[in-house]
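Report on the structure given below.
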Amino acid sequence: MCQASGLYCAWGLYARCKKLGVTFVSKNEQFDTSTAMGEAMLKIILVFAELERNMTNERVMATMIARATDKQWNGGRVNGWLLPVCLYLWEQAAPQRLPQ
Numbered sequence: 025m026c027q028a029s030g031l032y033c034a035w036g037l038y039a040r041c042k043k044l045g046v047t048f049v050s051k052n053e054q055f056d057t058s059t060a061m062g063e064a065m066l067k068i069i070l071v072f073a074e075l076e077r078n079m080t081n082e083r084v085m086a087t088m089i090a091r092a093t094d095k096q097w098n099g100g101r102v103n104g105w106l107l108p109v110c111l112y113l114w115e116q117a118a119p120q121r122l123p124q
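Number 124 marks the last residue of the sequence shown (my numbering); no jumps.
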């Protein structure tokens, strides 16, 4: 199993299948990797899948940087045993946060 994600992993899986004589036929997308046109379509689909993944990564990173710049919380919901600790720390910082 490939540990990396993205184009190289998917293409490596396809290359191993091709070496074993296995072809991929998609009824929904109407392509067959046993033909030159089908193999080209698979490559195009993989490239666009990687592009979408990279664009999502860039948007998430930009949002996280913007939130950190605005001093907003970037994490998930605080729950479980951490909640009392966070509330205690919040109360300890209260005199520094609020003007008297």
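For every residue, glycine included, the Cβ atom is placed at its ideal position computed from N, Cα and C.
DSSP places V49 within a strand segment (E or B) once states are collapsed to three. Put simply, of Q96, E63, N81, E82 the residue whose alpha carbon is nearest the alpha carbon of E53 is E63. L66 is a Cβ neighbour of F48, given a cutoff of 8 Å.
If you look at K67, you'll find it in the alpha helix (DSSP H) that goes 60-93.
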